[in-house]
Amino acid sequence: DAGVIQSPRHEVTEMGQEVTLRCKPISGHNSLFWYRQTMMRGLELLIYFNNNVPIDDSGMPEDRFSAKMPNASFSTLKIQPSEPRDSAVYFCASKYTGSNQPQHFGDGTRLSIL
Amino acid sequence: SQQGEEDPQALSIQEGENATMNCSYKTSINNLQWYRQNSGRGLVHLILIRSNEREKHSGRLRVTLDTSKKSSSLLITASRAADTASYFCATDENYKLSFGAGTTVTVRA
Numbered sequence: 001d002a003g004v005i006q007s008p009r010h011e012v013t014e015m016g017q018e019v020t021l022r023c024k025p026i027s028g029h030n031s032l033f034w035y036r037q038t039m040m041r042g043l044e045l046l047i048y049f050n051n052n053v054p055i056d057d058s059g060m061p062e063d064r065f066s067a068k069m070p071n072a073s074f075s076t077l078k079i080q081p082s083e084p085r086d087s088a089v090y091f092c093a094s095k096y097t098g099s100n101q102p103q104h105f106g107d108g109t110r111l112s113i114l
Numbered sequence: 001s002q003q004g005e006e007d008p009q010a011l012s013i014q015e016g017e018n019a020t021m022n023c024s025y026k027t028s029i030n031n032l033q034w035y036r037q038n039s040g041r042g043l044v045h046l047i048l049i050r051s052n053e054r055e056k057h058s059g060r061l062r063v064t065l066d067t068s069k070k071s072s073s074l075l076i077t078a079s080r081a082a083d084t085a086s087y088f089c090a091t092d093e094n095y096k097l098s099f100g101a102g103t104t105v106t107v108r109a
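Chain order of the listed sequences is A and B.
For the first sequence, our numbering gives the first residue as 1, with consecutive numbering after it.
For the second sequence, our numbering gives the first residue as 1, with consecutive numbering after it.
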């Protein structure tokens with residue numbers, strides 16, 4: 001079975017540029033999460049979708065960050081404009097909705113903003 | 001914000017030895033989960049223990065949960081070089097997982 005698929009795996013860009021990260025969740029999973037991982041702050045939940053609807057975006061750091069889930073098999077996380085402090089590894093995870101269900105993570109996108 | 005806190009931060013053991021790491025948390029939970037992260041990869045779910053369970057086993061893994069002390073432990077028995085990774089506990093409050101900072105385990109051959 002295919003797991004959660006993220007693209008690109010690595011992204012290096014200059015500050016001020018728009019960055020779009022992509023995620024394909026596991027088929028049948030109806031909850032999707034975007035996380036950011038840094039050495040300083042660890043793993044932080046950015047946004048949570050259930051059935052394609054954003055439920056909790058309280059972790060989105062600023063208006064420069066936006067996320068969409070146009071259908072059950074695709075989500076994007078966009079940063080515009082990007083800043084060096086956005087450099088991190090961004091993970092997407094999906095799960096079946098409901099209690100006591102584990103999350104399944106993609107391998108992440110390592111983002112470097114110069 | 002991180003709710004779980006793992007202890008120790010780092011652990012180095014010889015192959016074949018057991019590795020034990022602990023997790024403490026602050027609020028009520030539905031369940032507690034342990035994940036492993038290999039370098040450059042995503043997190044992999046290892047085991048989930050519900051709030052009404054006290055102990056759970058999966059292969060060489062043993063997890064305990066003490067809700068009165070708000071703590072959990074993960075034991076890896078007969079460690080192998082392939083167990084070298086970072087291990088995270090995560091507390092499940094409804095839909096949201098809060099991760100600790102992790103324990104980095106190095107298994108020496």
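We put the beta carbon where it would ideally sit given N, CA and C, even for glycine.
Residue range of the beta strand (DSSP E) that includes I47/B: Here residue 47/B corresponds to residue number 47 of the second sequence, with the count starting at 1. Residues L43 to R50.
Y25/B beta carbon near the ligand ATP (any heavy atom closer than 7 Å): As presented, the structure is devoid of all ligands, the ligand ATP included, so that no description of it is given.
Minimum length 3: unbroken beta strand (DSSP E) runs contained in the region 54 to 89 of chain B: 55 to 58, 61 to 66 and 71 to 76
Close beta carbons around N30/A, own chain, < 6 Å, minus the five adjacent residues each side: Residue numbering aside, residue 30/A sits at position 30 when the first sequence is read from its first letter. Excluding residues within five positions, the ones whose Cβ falls inside 6 Å are N51 and T97.
Neighbourhood of R9/A by C-beta distance below 8 Å, restricted to the same chain and skipping five residues each side: Along the first sequence, one-based indexing puts residue 9/A at 9. Once the five neighbours on either side are set aside, the close Cβ partners of R9/A are D107, G108, T109 and R110.
Cβ-based neighbour list, L21/A, same chain, cut-off 6 Å, excluding 5 preceding and 5 following: One-based indexing of the first sequence puts residue 21/A at position 21. Hits under 6 Å: L77, Y90 and T109.
CA-to-CA distance, N100/A to N52/B, given in whole angstroms: Here residue 52/B corresponds to residue number 52 of the second sequence, with the count starting at 1. Here residue 100/A corresponds to residue number 100 of the first sequence, with the count starting at 1. Straight-line Cα distance between these residues: approximately 12 Å.
Cutoff 8 Å: N100/A Cβ touching any chain B Cβ: Translated into positions along the first sequence, residue 100/A becomes position 100. Output row for N100/A: interface = yes.
Proximal residues of chain A, C-beta to C-beta of L48/B below 7 Å: Translated into positions along the second sequence, residue 48/B becomes position 48. Chain A residues near L48/B: N100 and P102.
Proximity below 8 Å, CB of K24/A to CB of I55/A: For the purposes of this step, residue 24/A is taken as the residue at position 24 of the first sequence. For the purposes of this step, residue 55/A is taken as the residue at position 55 of the first sequence. Going by C-beta atoms, K24/A is not nearer than 8 Å to I55/A.
Through-space distance from P81/A to E6/B, alpha-carbon basis: Taking the second sequence and counting its residues from 1, one reaches residue 6/B at position 6. Taking the first sequence and counting its residues from 1, one reaches residue 81/A at position 81. C-alpha separation (whole angstroms): 35 Å.
CA nearest to the CA of F65/A, picked from V12/A, S7/A, G16/A and G3/A: Along the first sequence, read from residue 1 onward, the residue named residue 65/A stands at position 65. Of V12/A, S7/A, G16/A and G3/A, the residue nearest in Cα terms is G16/A.
Integer-rounded CB distance, given that I13/B should sit under 8 Å from V107/B: As a first step, residue 107/B must be located in the second sequence, where it is residue number 107. As a first step, residue 13/B must be located in the second sequence, where it is residue number 13. Yes, V107/B and I13/B are in contact; Cβ-Cβ is about 6 Å, under 8 Å.
Under the three-state DSSP convention, the category S1/B falls into: The residue labelled residue 1/B in the question sits at position 1 within the second sequence. Below a pLDDT of 50, predicted positions are generally treated as unreliable, and S1/B, at 45, falls in that range; no measurement from the model is reported.
Cβ pair R54/B, N31/B closer than 8 Å: Within the second sequence, residue 54/B is the residue found at index 54, counting from 1. Within the second sequence, residue 31/B is the residue found at index 31, counting from 1. For R54/B and N31/B, no; Cβs fall outside 8 Å.
8 Å Cβ cutoff, Y96/A in contact with chain B: Start at 1 with the first residue of the first sequence, and residue 96/A comes out as number 96. Answer no: the Cβ-Cβ gap between Y96/A and chain B never drops below 8 Å.
Cβ-Cβ separation, Y95/B to Y48/A (assumed contact under 8 Å), whole Å: Against the first sequence, residue 48/A aligns to sequence position 48. Against the second sequence, residue 95/B aligns to sequence position 95. Contact flag correct, Cβ pair sits at about 6 Å.
Runs of beta strand (DSSP E) lying entirely within the region 14 to 42 of chain A, each at least 3 residues, in chain order: 19 to 24 and 31 to 38
Chain-ordered chain A contacts of R62/B [CB-CB under 9 Å]: Position 62 of the second sequence, counting from 1, holds the residue named residue 62/B. What R62/B touches in chain A: nothing, since even the nearest Cβ is about 18 Å away.
Partner residues on chain A for L74/B, Cβ-Cβ distance less than 7 Å: For the purposes of this step, residue 74/B is identified with residue 74 of the second sequence, where counting begins at 1. Per Cβ cutoff of 7 Å: no residues; L74/B is ~15 Å from chain A at best.
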